[in-house]
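In this note's numbering, the protein residues as written are 2 to 310.
So this is what it looks like as structure tokens:
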């Protein structure tokens, strides 16, 4: 079967805290493992990993809302790196779905049953750090992130911990940001001009948005000076407070991708991580061992960048 579906890898960070405490009072990963598994020698594999495996226990694992579910098909861990890799087979739950044949015949699927896809994920608890990572593979628009989030919630809650902010946060590496910006061109700049609340002649609307296209700017980071020059080129004088955001477009691995940056801050620039064809089998599913290597490359870059901070 041709590999017609694109697979992506999402990177997320999380921090752990005791329940009913401030989000600022995070604990590092070593401290979490010590407090959660005080009587277990290998706290990661015999404690944390085993807790996750027990959630499945040869049955379907569901999130609390029962909108997603899956079974554990394959797993592996490294106590040295403190990584746990999972291959889940799962999907949407709680909806009546249908199996539809090529000739249009339709068969009902119970709301309790799932039409499954395979999803790979890696959970990483680096030593001597207060940040954990989750790498989650998805298809074009299909994801089991909700279920992987639930796995973390269940294990932490069992030991009276919770995610700080109650969520994982999408992230990427500087190398991937820089690679995107090197290949990207500026599509448009949206400038929001604000009227002064002290200007009695100002209309009731407090702001106006101006969209600049075909600016000719070749820089991959747009400064306020660039914006003001572009406005003046279009006959617009800047005498008010304003904010701006730039839309970039780049062709990455043969596919067009658009991203928007607020101001010149690339913190929220998260390019797609396209999974290479050698990691995908003939059924368009991720290959477990290949995905382990693919994810390890991203881990190595995270560690490299951390050393240079």
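Glycine included, every Cβ here is placed at the ideal spot set by N, Cα and C.
Going by C-alpha to C-alpha distance, which of 303, 60, 96 and 240 sits closest to residue 311?
This structure does not reach residue 311, given that the chain is present from 2 up to 310, and the question cannot be answered.
Spatial neighbours of residue 70 in its chain, beta-carbon cut-off 8 Å, leaving aside the 5 residues before and after
61, 62, 63, 64, 91, 92, 94, 115 and 148
Pop quiz: residue 53 and residue 165 are said to be a contact at Cβ under 8 Å. What is the actual Cβ separation, rounded to whole angstroms?
No, residue 53 and residue 165 are not in contact; Cβ-Cβ is about 20 Å, not under 8 Å.
Whole-angstrom Cβ separation of residue 1 and residue 119, contact assumed at under 8 Å?
Since the first and last residues shown for the chain are 2 and 310, residue 1 lies out of range.
Opposite residue 80 in the DSSP bridges: which residues?
DSSP lists no partner for residue 80.
Once you ignore the five residues that flank residue 112 on each side, which residues in its own chain have a CB closer than 7 Å to its CB?
95, 96 and 97
Can you give me the Cβ contacts of residue 35 inside the same chain, cut-off strictly under 8 Å, excluding the 5 residues immediately before and after it?
44
Any contact of the segment 119 to 132 with the segment 280 to 295, i.e. 3+ C-beta pairs under 8 Å?
yes
Cα-Cα, which of 185, 226 and 247 is closest to residue 238?
226
Give every residue of the same chain whose Cβ lies closer than 8 Å to the Cβ of residue 68, excluding the five residues on either side of it in the sequence, and list them in chain order.
93, 94, 95 and 147
Could you tell me the boundaries of the beta strand (DSSP E) in which residue 267 lies?
Per DSSP, residue 267 belongs to no beta strand (DSSP E) and is neither H nor E.
Pairs of beta-carbons, one from the segment 129 to 138 and one from the segment 101 to 109, closer than 8 Å: are there three or more?
no
Report the rounded CA-to-CA distance for residue 151 versus residue 250, giving the unit in angstroms.
34 Å
Would you list the residues sitting across from residue 89 in a DSSP beta bridge?
73 and 120
Element boundaries [beta strand (DSSP E), containing residue 158]:
No beta strand (DSSP E) contains residue 158, which is instead part of the alpha helix (DSSP H) from 146 to 159.
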